[in-house]
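Colleague: Input: one structure, supplied below.
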Ligand SMILES: [Zn+2]
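Residue numbers (this note's numbering): 21 to 536.
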């Protein structure tokens, strides 16, 4: 009988700690809904003690999402645990996740505490959490670099105190698969009450081994994997959910385990997470990268056309990549668009449909056929990504450029309800446009990153622009899409400015939680 592997998703906690990936409340909820569709077992929704905004976000998710367990992170302090409980209490299945470091390096330099003191704190924290709920997870931060006998001693004590999941993190991404697996085996053999708890692992990808280490741990007795969508997270990121799930699914012959993940939602979850966090997925990323199912070589293409399994170990449809069906054109009406979006899995409110329809009409006038990918991009930027109020709004853009003319842009823009216009020169049309917008918005932000990608082939393909902006230590991303690359750039920049404005006006902020 295959054994179940519990999927603990920490996209909203560890993933959100990726540099520049901060999410607002509405965005967190959208990702949580997608995780519920994926049928993850546990959603780690945040670190409630970090800020009132974080606490509120976890509480909202706990109220709204009824399927998966909802976990809140807490350091091994009573006040942290109280905040975590207040946040997860409304959930159908709440979990408190408390942690403390167990490595001598952290004890000596970071905490300045003895092993005995840390053991006492861990037990006290778990006992405190267990008074609220029977569902308590304990993590030994930096476990992979800790003395294993000491971790075994701590695990024995916290299980005795009421922990039902014990997590063994490779916090710094230092472990090698066979070594990591052997450590899990040691715990199975040396923690006398281990049968009363689930062993969990939380791996970081600093050496590119997070997924390999997780699989090695599973083979040796771990039954919970802590993961994120697209593998986002601190530094090089966490174990990627899609890679672990598809490895277990594809190699059932060798790995006698299963997860309850509905794999058809993997690709939509990847797109949504990438869009909302602004963390672009590299084309050669396993499972969800743009090239993951692209067969370029002639021999491979020929083989796949004759019989997919010749070079394809899994199918694109198994992770929810849908083939473009009948494209829409400029004669397609609102009903056709609504029906098409419904087939693609988007249920839009009337107002949202109107927004997308207006952009669709404009697009269909300029581009002969509108593919599913184009529509998905429009919905993502017009509805999903526009979750902040539009303080700045692009009304018109005229650009003059060429090999002889000095590039000039004239921008008409609404700023807080008032219409302004400004012209600027630049090194190129996008530079000129950005200078005009910067002037109109009175912004002091720095442009950290500017990336362009095209959605489908051909010169009339939609251009997708992603920008990253920074002002006074706050970093945001902006997204824009349009067949005209300069207009798409303007939209992305203005979207980013709206997000900065929203954060300055009191959107969710928080200090960074300690890392696990
Ligand atoms: Zn982590």
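For each residue, glycine too, the CB sits at the ideal point set by N, CA and C. Predicted model only: the values in this text are computed from it and were never measured.
For residue 401 versus residue 501, is the C-beta distance shorter than 8 Å?
Modeller: Cβ distance < 8 Å, so residue 401 and residue 501 count as in contact.
Colleague: Taking only runs of the beta strand (DSSP E) that begin and end inside the region 150 to 216, which ones reach a length of at least 3 residues, in chain order?
Modeller: Taking only runs of at least 3 residues, the beta strand (DSSP E) segments lying wholly in the region 150 to 216 are 156 to 161, 185 to 190.
Colleague: How is residue 222 classed by DSSP in three states: helix, strand or coil?
Modeller: Three-state DSSP puts residue 222 in a strand.
Colleague: What's the C-alpha gap between residue 217 and residue 116?
Modeller: Cα to Cα, the separation comes out at about 14 Å.
Colleague: Whether or not the region 125 to 132 and the region 99 to 107 are in contact is what I'm after, with contact meaning three or more pairs of Cβ atoms, one per stretch, closer than 8 Å; do they touch?
Modeller: Cβ pair count under 8 Å is below three, so no.
Colleague: For ligand 1, I want to know if residue 515 counts as a neighbour, meaning its beta carbon is within less than 7 Å of at least one of the ligand's heavy atoms.
Modeller: Result no, Cβ not under 7 Å from ligand 1.
Colleague: Give the range of the alpha helix (DSSP H) segment to which residue 433 is assigned.
Modeller: No alpha helix (DSSP H) holds residue 433; the beta strand (DSSP E) holding it covers 428 to 435.
Colleague: The beta strand (DSSP E) spanning residue 484 covers which residue range?
Modeller: Unbroken beta strand (DSSP E) run through residue 484: 483 to 491.
Colleague: Taking 7 Å as the cut-off, is the CB of residue 34 close to at least one heavy atom of ligand 1?
Modeller: Yes, since a heavy atom of ligand 1 falls inside the 7 Å radius drawn around the Cβ of residue 34.
Colleague: Among 423, 458, 398, which one has its Cα closest to the Cα of residue 481?
Modeller: Checking every option, the nearest Cα to that of residue 481 belongs to 398.
Colleague: Please work out which residues of its chain come closer than 6 Å, Cβ to Cβ, to residue 14, disregarding the five sequence neighbours upstream and downstream, and give them in chain order.
Modeller: Absent from the model: residue 14. The displayed extent of the chain is 21 to 536, so no value can be given.
Colleague: By Cβ distance, which residues of its chain are closer than 8 Å to residue 277, with the 5 residues on each side in sequence left out?
Modeller: Cβ within range, chain order: 22, 23, 24, 25, 238, 268.
Colleague: Between residue 432 and residue 441, is the Cβ-Cβ spacing less than 8 Å?
Modeller: Contact: yes.
Colleague: Just list the residues that DSSP pairs residue 413 with in beta bridges.
Modeller: 434.
Colleague: Given residue 439, which residues of its chain have a CB within under 8 Å of its CB, disregarding the five upstream and five downstream residues?
Modeller: So the list reads 415, 432, 433, once near-sequence residues are dropped.
Colleague: Please state whether DSSP places residue 425 in a helix, a strand or coil.
Modeller: If DSSP states are grouped into helix, strand and coil, residue 425 belongs with coil.
Colleague: For residue 87, collect the residues of the same chain with a Cβ closer than 8 Å to its Cβ; drop the 5 residues on either side in sequence, then sort them by chain order.
Modeller: 56, 59, 112.
Colleague: By a C-beta neighbour count over all protein chains shown, 10 Å radius and 16 as the cutoff for buried, is residue 418 buried or exposed?
Modeller: Counting Cβ neighbours within 10 Å, residue 418 comes out exposed, since fewer than 16 surround it.
Colleague: Comparing C-alpha positions only, which one of 136, 179, 50 sits nearest to residue 150?
Modeller: If we check each option's Cα against that of residue 150, 179 comes out closest.
Colleague: Name the DSSP beta bridge partners of residue 366, please?
Modeller: In the DSSP output, where bridge partners are listed per residue, residue 366 has none listed.
Colleague: Ligand 1 and residue 479: does any heavy atom of the ligand fall closer than 7 Å to the residue's C-beta?
Modeller: No, since every heavy atom of ligand 1 falls outside the 7 Å radius drawn around the Cβ of residue 479.
Colleague: Assign residue 423 to buried or exposed, taking buried as 16 or more other Cβ atoms, counted over all protein chains shown, within 10 Å of its Cβ.
Modeller: Classification of residue 423: exposed, given that the 10 Å Cβ count is below 16.
Colleague: Excluding the five sequence neighbours on either side, which residues of its own chain have a C-beta within less than 7 Å of the C-beta of residue 389, listed in chain order?
Modeller: Excluding sequence neighbours, residue 389 sits near 347, 349.
Colleague: Give the range of the alpha helix (DSSP H) segment to which residue 335 is assigned.
Modeller: Where residue 335 is concerned, there is no enclosing alpha helix (DSSP H), given that its DSSP letter is neither H nor E.
Colleague: Count the other CB atoms within 10 Å of the CB of residue 215; is the residue buried (16 or more) or exposed (fewer)?
Modeller: Classification for residue 215: exposed.
Colleague: Specify whether the region 61 to 79 and the region 290 to 302 touch according to this definition: at least 3 beta carbon pairs, one from each stretch, less than 8 Å apart.
Modeller: The region 61 to 79, when compared against the region 290 to 302, does not touch it at the 8 Å Cβ threshold.
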